[in-house]
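**Student:**
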Amino acid sequence: MADKREKFGGRLAVILAMAGSAIGLGNIWRFPYMVGEHGGAAFVFVYIFATLLISLPVFLAEVMIGRRSHTNSRDAFARLSRQHPFWKAAGYLTILIPTLIACYYSVIGGWSVEYFIKSCGLAFVQMEPDEASGFFGAFVSSTWTPVIMHLLFLGVTVAVVAGGVKSGIEKFSKISLPVLFVLIIMILTYSVSLPGAGDGVRYLLHPDWSELTPRTFAYAMGQSFYSLSLGMGAIITYGSYVSKKENILATSTGTAVSDLMFAILAGFAIMPAVFAAGIEPGAGPGLIFQSIPYVFSKMGTTLPVVSSVVAILFFLAIIVAAMTSIISLVEVGVSFLVERAGMSRGRACLVLFLICGSFGVLCSLSFGPLAEMKVAGMTVFDLFDWVCSNILLLLMALLAVIFVGWVLPRRVVHDEFTNGGRLPFNERLFPVVYFLIKWVAPIAVVIIFFTNFML
Ligand code: TRP
Numbered sequence: 067m068a069d070k071r072e073k074f075g076g077r078l079a080v081i082l083a084m085a086g087s088a089i090g091l092g093n094i095w096r097f098p099y100m101v102g103e104h105g106g107a108a109f110v111f112v113y114i115f116a117t118l119l120i121s122l123p124v125f126l127a128e129v130m131i132g133r134r135s136h137t138n139s140r141d142a143f144a145r146l147s148r149q150h151p152f153w154k155a156a157g158y159l160t161i162l163i164p165t166l167i168a169c170y171y172s173v174i175g176g177w178s179v180e181y182f183i184k185s186c187g188l189a190f191v192q193m194e195p196d197e198a199s200g201f202f203g204a205f206v207s208s209t210w211t212p213v214i215m216h217l218l219f220l221g222v223t224v225a226v227v228a229g230g231v232k233s234g235i236e237k238f239s240k241i242s243l244p245v246l247f248v249l250i251i252m253i254l255t256y257s258v259s260l261p262g263a264g265d266g267v268r269y270l271l272h273p274d275w276s277e278l279t280p281r282t283f284a285y286a287m288g289q290s291f292y293s294l295s296l297g298m299g300a301i302i303t304y305g306s307y308v309s310k311k312e313n314i315l316a317t318s319t320g321t322a323v324s325d326l327m328f329a330i331l332a333g334f335a336i337m338p339a340v341f342a343a344g345i346e347p348g349a350g351p352g353l354i355f356q357s358i359p360y361v362f363s364k365m366g367t368t369l370p371v372v373s374s375v376v377a378i379l380f381f382l383a384i385i386v387a388a389m390t391s392i393i394s395l396v397e398v399g400v401s402f403l404v405e406r407a408g409m410s411r412g413r414a415c416l417v418l419f420l421i422c423g424s425f426g427v428l429c430s431l432s433f434g435p436l437a438e439m440k441v442a443g444m445t446v447f448d449l450f451d452w453v454c455s456n457i458l459l460l461l462m463a464l465l466a467v468i469f470v471g472w473v474l475p476r477r478v479v480h481d482e483f484t485n486g487g488r489l490p491f492n493e494r495l496f497p498v499v500y501f502l503i504k505w506v507a508p509i510a511v512v513i514i515f516f517t518n519f520m521l
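Numbering of the sequence shown is given in the working numbering, commencing with residue 67 and proceeding in unit increments.
1) Going by the CB atoms, is the gap between L331 and V245 shorter than 8 Å?
2) Out of A387, P195, G90, state which residue places its alpha-carbon closest to the alpha-carbon of A343.
3) At what residue ranges does the segment 172-221 contain a whole run of the alpha helix (DSSP H), taking only runs of 4 or more?
4) Measuring CA to CA, which of M389, Y170, S374 is closest to S185?
5) So, under 8 Å CB-CB, P212 and G176 are touching, yes? Tell me the CB distance rounded to an integer number of Å.
6) Do you know offhand how far M67's Cα is from V129's?
7) Does the structure place the segment 113-122 close enough to the segment 315-325 that three or more beta carbon pairs sit under 8 Å?
8) Determine the contact status of G266 and M337, defining contact as a CB-CB distance below 8 Å.
9) Per the DSSP calculation, V441 is bridged to which residue(s)?
10) Under three-state DSSP, which class holds D481?
11) Assuming contact is defined by CB atoms lying nearer than 8 Å, are A329 and N93 in contact in what I supplied?
12) In whole angstroms, give me the CA-to-CA distance for L270 and A107.
13) With a threshold of 16 other CB atoms inside 10 Å of the CB of R96, please say whether the residue is buried or exposed.
14) Does the Cβ of A155 have 16 or more other Cβ atoms within 10 Å, making it buried, or fewer, making it exposed?
15) Are there any heavy atoms of the ligand TRP lying less than 7 Å away from the beta-carbon of G175, as far as the coordinates show?
16) Look at the Cβ atom of Y99, then the Cβ atom of I354, and state whether they are nearer than 8 Å.
17) Kindly give me the distance between the Cβ atoms of P351 and F447, rounded to whole angstroms, as I take these residues to be in contact under 8 Å.
18) At the level of alpha carbons, what is the spacing between I393 and V226?
19) Helix, strand or coil for Q149 per DSSP?
20) As a quick exercise: from W452, C454, G299, pick the residue whose alpha carbon is nearest that of I161.
Below is the structure:
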């Protein structure tokens, strides 16, 4: 069975597919609002630090688990631990978590679809700048449109997943990421030139260390894992498609660095606009959706054609980036249902559509009719996000590094990291990486995990 698994076509294809999973709403939508809610530049610094020192080793650990076991994330732990009951149970978590994330991820995907449709009708270009930042509130609190958009977005995603790994995923990432990159640079250039934008740039560059609380660490770590698609089985599943000849250090570092770059650039594109428009940086999940119409409407006053084209392409690129990410979330569950429950790909996709569709509706309504329904002070949407990003993600990432650092024999880890001793650079780096995986990452993640409950 294992030998029939498809493989990616080469180094670039691996990085593109993994970057396709990593780069998504996490970078463009979530990162800026996390920065705004958790301390500006101080958060950015902690985030970069955490990504390089902790997330990258976790990433390597997950790729190793996937490639070594050559199977989906649930069976990977079981197979490599020779069916140990604890690791079998842990494997189930890796199916549950991405499915939970997909529920609310597709709500934000749906918002992007709505904004895309609106920009095709030139709505933002024609609005007054002040009116533009208010558009979001009216849209998100309405009942039907966000729900329909969420289901539409999820439906298309599931249809793509039904098409298979290679045809579905690889083609998508190749075009969307470079386009998105260019557009973000364009928006960034314009955004920093807006009157009042300087405060936004300063906000991102000059840390106010008094903002650095335990909370900053907890959310920065969660954001970093989230953004790299870690702790979920997504990278484990992708790892199982990586060929034995691939240098996993190169592919993992390539993915992590491009992901980091997209997040930072998105921050610099959005924050100056937030300050220019007089929006509160801690406005929450709506931050980019509140500030970006302002950018397009301002741009529209002098450059209407450019603004209309950039707006349309920007939302289209976000939709595609979001889709390549949510595909990797859905793929985890699908691959499990196909290989373990013997379902056809089509049916497995339908099951995921029904589950994520229903929970997603609740998340969507929590911005409007269900806004007052709170659990532990959080709306349904915030609760889903918090439980996934700050709790389950950390827990699963911890299990992955413990597994690679303490359960797998050192020889196996060495073998995976150096391709059986054939990669001299990796050979030299191995003791450092192994130390990070075995000691630094688990200890840091445990501390940060408990920080979440002491806030
Ligand atoms: N990393 C993606 C983003 O930044 C989201 C994502 C895709 C994800 N797959 C994941 C997050 C797996 C956690 C786990 O948008």
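All C-beta atoms in this analysis are idealised placements derived from N, C-alpha and C, irrespective of residue type, glycine included.
**Tutor:** This is what the structure gives:
1) no
2) P195
3) 189-192, 195-207
4) S374
5) 6 Å
6) Residue placement at M67 cannot be trusted, given a pLDDT of 39 that sits under 50; what the coordinates show is reported in the next sentence. Approximately 20 Å between the Cα atoms of the pair.
7) yes
8) yes
9) M444
10) helix
11) yes
12) 4 Å
13) buried
14) exposed
15) no
16) yes
17) 7 Å
18) 8 Å
19) coil
20) G299
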